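The listed protein sequences derive, respectively, from chains P and V.
In case it helps, our numbering puts the first sequence at residues 139 to 827.
In case it helps, our numbering puts the second sequence at residues 139 to 827.
Glycine included, every Cβ here is placed at the ideal spot set by N, Cα and C.
For clarity, every value in this text was computed on a predicted model and none was experimentally measured.
Notes follow the structure.
Number of protein chains: 2
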Amino acid sequence: MSTDPTVADVPDANLNGKTDIKVVFTPSGRQAKVAQGTTVLQAARELGVDIDSVCGGRAMCGRCQINVGTGEFAKHGIVSGAGSLGAVTAVETRYADKRGLADGRRLSCQSVLLADAVIDVPPESQVHNQLVRKAADERQIEMDPVVRLCLVEVREPDMHEPSGDFRRLAEALAKQWPDRVSGEITCDLHILQQLQPVLREGKWHVTVALRDGCHITGIWPGLKENVVGVAIDVGSTTMSAHLCDMATGAVLASTGAMNPQIRFGEDLMSRVSYGIMNPDGPAEMTKAVIAGLQQLIDGAAEQAGMSSDDVIEIVLVGNPVMHHLLLGIDPLELGGAPFALAVDSALSLKASDLGLALNQGARAYILPCIAGHVGADAAGVVLAEAPQKTDKMTLLIDVGTNAEIVVGNRDRLLAASSPTGPAFEGAQISSGQRAAPGAIERVRIDPVTLEPRFCVIGVDQWSDEDGFDEAVKSTGITGICGSGIIEILGEMYLSGIITMDGVIDGGKALISPRIEADDRTFRYRVSDNVTVTQNDVRAIQLAKAALYAGFRLLMDKININHIDKVVLAGAFGTHIDPKYAMVLGMIPDCELENVRAAGNSAGAGARMALLNKGARAEIEQTVRNIEKIETAIEPSFQDHFVKAMAIPHKSDPYAKLSAMVPLPERILTAQDAPALEGGRRRGGRRRSS
Amino acid sequence: MSTDPTVADVPDANLNGKTDIKVVFTPSGRQAKVAQGTTVLQAARELGVDIDSVCGGRAMCGRCQINVGTGEFAKHGIVSGAGSLGAVTAVETRYADKRGLADGRRLSCQSVLLADAVIDVPPESQVHNQLVRKAADERQIEMDPVVRLCLVEVREPDMHEPSGDFRRLAEALAKQWPDRVSGEITCDLHILQQLQPVLREGKWHVTVALRDGCHITGIWPGLKENVVGVAIDVGSTTMSAHLCDMATGAVLASTGAMNPQIRFGEDLMSRVSYGIMNPDGPAEMTKAVIAGLQQLIDGAAEQAGMSSDDVIEIVLVGNPVMHHLLLGIDPLELGGAPFALAVDSALSLKASDLGLALNQGARAYILPCIAGHVGADAAGVVLAEAPQKTDKMTLLIDVGTNAEIVVGNRDRLLAASSPTGPAFEGAQISSGQRAAPGAIERVRIDPVTLEPRFCVIGVDQWSDEDGFDEAVKSTGITGICGSGIIEILGEMYLSGIITMDGVIDGGKALISPRIEADDRTFRYRVSDNVTVTQNDVRAIQLAKAALYAGFRLLMDKININHIDKVVLAGAFGTHIDPKYAMVLGMIPDCELENVRAAGNSAGAGARMALLNKGARAEIEQTVRNIEKIETAIEPSFQDHFVKAMAIPHKSDPYAKLSAMVPLPERILTAQDAPALEGGRRRGGRRRSS
């Protein structure tokens, strides 16, 4: 036992019976007395200090690099320095010559402890290193991938004790990697087919990809240093992929592409219809999306200087229709009530069963679906945003054709989808368009003159700045994108052009010629060829009312009136200004600083599931516990919906918003109520007054 | 509690709180008091009485038929009769009209207990019915197949509680078949792909094939009554298949075919060589054998009036080279020391991974290999003959190009292969040929005149009987088959034509012109065109000495001098006369009645593994415990081998044999010893004296 009071709280490990050297590992702080001559890696392993290795201590992989601390460490009562370790060995020199080794770095598997030492394990040498998801993000991914590479030295066959090569491989793996093996070792058939030549080519040294601690999915002769995984978000419009090193978590390549299913229908329901109208439709769409994924993955692998044969694991998220089509399941049942999924649980299957040509043993993990309209993409958002881990009442919104909504905290989580329709994406808007050069994306309206100033995608200046007219010639002003329509409506409301009930006020034509008569209603002219019509306002009102009614319904179920934190997932959240979203009542009243755009959270969730197997168990459990609400059969939905047609809301005072942004006086016109009847119908709808 | 002293030893189950009716099941003897109105099936299930069902009590499958006992059952103190059960129901009448129901038979799921009853469960209604393997066999197969059919009624999807169809299927299965479900239910991807249309086609009633209590491999709308499995022995020359009903175990069809790999080489080593000489050779041979298996299975299914889509499980056995080629593993390493198998453990894989087109979810189970020369076929023999279950010291011999030898009992089992070469199959014998019409298969030699009489395959008469000359015209006398060569050598020895050391005695030419000079040795003429030469005798001596040395070595390891029971597996054992085998010293000295020809034991073992999942666990465990001996590196092998060249043996007195069969005086010629040096070499060997 140590008599040093500064370390009395950490029990000493007495390794090998000798107690002559004290070693302290940072940052873990673990320490022990070990026998002189112990290697640093050996000491670390016995102490449970987290040092990575693929080659298992053979000075081949270079993963186990450490630094030795220099100086007096009063806290630990020791002096440490280069001399604490044995001299750099020939093996290390050979490694350094061949692969490079930064100044002061040693291979822990080759460095022998000669005197008291402080050993620093840099993050890149830690197995479970924390991966910062992105600068702005408070949360990290801890590396604990489901697949690990292990170099194994296999005993040669021996007539005295005949046993199959696979048995000896499994025995070697269990013996040489006891920390990683968690059960009886099994393997794919293709491993058995390659086993004998690979073992002999590698001179009885092979690297295996060990999945889940018990199943061999890949094998290579000698040392294989890197395999990669790909996290993929299969959206109905676009697909994006992040290719990651399965050991370090580093994103080596990111690629995106249009979903090739678009040729079968722009939105989900038109694809479901295509499947219904064409007997081979579902199979065609499956084939198309798989071919698209193959290209996406091949492209990412090429970008990273690797081949798709290096891809050992992929994770997929997508909405229910994409999920089913990926799996070769006809999405027919998702096209109508009761919107039954074929399968909702998470799935692990061979990537080859999906028709993907990656490493022969590559597996695909698909996140669970939450409900018929709340898919594996929403599960990805939940995993990434982790409302189940906080006390804060959280609202997650992912807007597509439907809005997927999750509300709750660690005590309770509810999910629903709300039929917002495609208006938020610029569809059903007279001047609406996709976010592309020429589209108006930011707008401000002078409350006195009602003159607009705006930004166009592809042009740096605002429309009232010098050089705008010149610059905009290359793009033109072609329409308004989704975030632009939110902003312009917010500004129209704040400047009094539209009333609280969403009527474009014809009286304002007296102030500005930009208010123009349009049949029996009015429109607001933003530029020569871009106007906002009364129908446009109605379309957004319907969409935002559906969204509000959705989250409000879930809040009612939990019996809360306040949300602590709003997370806007997906491209929608990234581009809109939370202030205008709140002015329109698309999100609940709260401090603006608590509204966050999370970007592609679904993809981030996929990446977490790729790099940490615990994340899979976590999201599977979380999804099982989520209460699934079907808005269509909730009687109060319609009531919430009607009230939410007003801007920001008929009865909700939006007090916090009012404190930040001066809102116009609340006046509801009498004629408004009938206009809202049956308001959940979409498209081609005319104002009744 | 019962006050009847005759049943006091069986605790009464008090079902449903009422105790008004006593029911006794035969043959199990289980009994209880149950509430009036309980169905017989329900009572049986609660008592753990073994009654089969696919439909789960819906009067669809007819598997649960029972008879009600009639009369006074003094032992049980009750009177039973037709009136003990409720009247035949309309449902039963409908079943009987549609499917037939033997007189007195009732469906236990529809029969309600009204009064005390003795219920007899006939064997065909028992889940675990005993299947008699064959008339002559003392052992039976208990049915406990790895795959069971279960009809399930699935709850329809509901918007109030959205869940995937698969989740509801799994829940229904667990609830409706609690005895059969043993873990979390999973399924193949193709099940998910079919699930929704099949559920709807079956109006929410589907039959699933449940494998191992937890994995769904097949699904059909409504009631699916039968699936089949196939047990296949893949020999290097012939392949045989038995197609069995997976519920009853009945063999519905048996087929056999040549192994199409024969075109790549007659024997195993020539196929290994073909693989070495031709880069695509192993793949070609795999393709050939798989195509052959597909035909074999298709043929068997057709014979049984079914389709290969009904095949849900297959079991394969074969020697190590066949085993590897089946799996798509190059058998290269099996061609030379140390004869390393790629894999020795048992394997379960998708039949489609092997390239077989059966039911999409069909699995292939492959028995474990014991060692590099002792294959899954030998494991099948062990499973079928079960030396591990007896106290009797057992010797199993399966002769092919190598003899696979297992010796031991429940305490200890050893296995080895011995290089007998192909002489026993008639190869390397001057007049040797395959067992085919025209081949001499039985021989007797008059000890005085040295005149032979013999039987020819395809001819009913012996050669000295009336009508033989006429009958043999159609076949000719074309050679000697394997069993014929054993018999003729045994008779030549018994009649003094060959000496104990295997020399054809030229002195006997004085007695009979059938002893002819042949270069510096002699030969024995059997017919105009068939002779036995000195080289033929030597070839058999070498083979039988290797066989003897093999089992003797294993007996030495166990330290025994006596074998209680000899089992000759395979075609070899079926055709040879144990007496002559013992005269030649091919099997150890023992009572002839304890020598048994077991026929295709390997195939029988495959069938056991097909029909009883416990048999799989048993053979896997047994094979792990078998001590594997490599004869090539055992110093005593050579010594045993040399001594075993004599007939029946140089030092082993074969006392039991002598008591049954008068053996010639034991004289060894001096010249014999040098002739035996290096005796393990094969082929083209000349006598040195």
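- Against chain V, a Cβ distance below 8 Å from P575 (chain P) picks out nothing, because the smallest value is about 42 Å.
- In terms of beta-carbon proximity, A475 (chain V) lines the interface with chain P, with at least one pair separated by less than 9 Å.
- One thing to note: Q498 (chain P) has its Cβ no nearer than 9 Å to the Cβ of A480 (chain V).
- In the same chain as E625 (chain P), and ignoring 5 residues on each side of it, the C-beta atoms closer than 8 Å to its own belong to E579, R580, V581, I714, D715, Y718, in chain order.
- Unbroken alpha helix (DSSP H) runs of no fewer than 4 residues, entirely contained in the region 434 to 516 of chain V, are found at 458 to 464, following chain order.
- Taking the CA atoms as reference points, V366 (chain P) sits about 22 Å from T376 (chain P).
- When the alpha-carbon of K171 (chain V) is set against those of V:V161, V:C288, V:P165, the nearest one is in V:V161.
- DSSP places G559 (chain P) within a helical segment (H, G or I) once states are collapsed to three.
- For S665 (chain P), the enclosing beta strand (DSSP E) has its first and last residue at 659 to 665.
- Residue contact check for Q331 (chain P) against chain V: a CB pair falls below 9 Å.
- Near chain P, meaning a CB-to-CB distance below 7 Å, the residues of the region 296 to 315 of chain V are D296, M297, H298, P300, S301, G302, D303, F304, R305.
- I370 (chain P) is bridged by DSSP to P:A379, P:L454.
- A contact is defined here as three or more CB-CB pairs under 8 Å, and the region 464 to 479 of chain P fails this definition with respect to the region 522 to 540 of chain P.
- Of the candidates V:L588, V:D702, V:L390, the residue whose Cα lies closest to the Cα of I649 (chain V) is V:L588.
- DSSP places T712 (chain V) inside the alpha helix (DSSP H), whose first and last residues are 708 to 713.
- The alpha-carbon of A573 (chain V) is positioned some 19 Å away from that of N540 (chain V).
- Just so you know, the alpha carbons of Y503 (chain V) and L330 (chain P) end up roughly 15 Å apart.
- Distance from the Cα of L251 (chain P) is smallest, within the candidate group P:V259, P:D190, P:Y233, P:A225, for P:A225.
- Residues G628, Y631, L632, I785, P786, L795, V799, L801 of the same chain have their beta carbon placed closer than 8 Å to that of V721 (chain V), with the five preceding and five following residues left out of the count.
- As summarised for the region 555 to 615 of chain P, the continuous beta strand (DSSP E) elements at least 3 residues long and confined to that stretch are 577 to 583, 590 to 594, given in chain order.
- Against S483 (chain P), the close residues of chain V are G302, F304, R305, in the order they occur along the chain (beta-carbon pairs closer than 8 Å).
- Taking a contact to require three or more Cβ pairs closer than 8 Å, the region 332 to 351 of chain P and the region 286 to 293 of chain P qualify as touching.
- By the C-beta density criterion, P575 (chain P) is exposed, having fewer than 16 other C-beta atoms within 10 angstroms.
- Annotation for R401 (chain P): A426 place their beta carbon closer than 8 Å to its own, counting only its chain and skipping 5 residues before and after.
- Taking a Cβ-Cβ cut-off of 9 Å, the neighbours of D468 (chain V) in chain P comprise Q331, Q334, P335, given in sequence order.
- F402 (chain V) is bridged by DSSP to nothing; it lacks a bridge partner.
- Judged by their CB atoms, L245 (chain V) and V229 (chain V) are nearer to each other than the 9 Å cut-off.
- A distance below 9 Å separates the beta carbons of V544 (chain P) and V519 (chain P).
- For S774 (chain P), the enclosing alpha helix (DSSP H) starts and ends at 773 to 781.
- For D491 (chain P), the nearest CB of chain V lies under 9 Å from its own CB, placing it at the interface with that chain.
- Within the region 695 to 712 of chain V, not one residue has a Cβ closer than 7 Å to any Cβ of chain P.
- Around V285 (chain P), the same chain offers A347, R349, M384, I450, E451 as residues with beta carbons nearer than 6 Å, after the five sequence neighbours per side are excluded.
- Not flagged as an interface residue toward chain P: L632 (chain V), since no C-beta distance is shorter than 9 Å.
- The beta carbon of L487 (chain P) falls within 9 Å of a beta carbon belonging to chain V, placing the residue at that interface.
- In the structure shown, the three-state DSSP call for S392 (chain P) is strand.
- Bounds of the beta strand (DSSP E) holding N205 (chain P) are 203 to 206.
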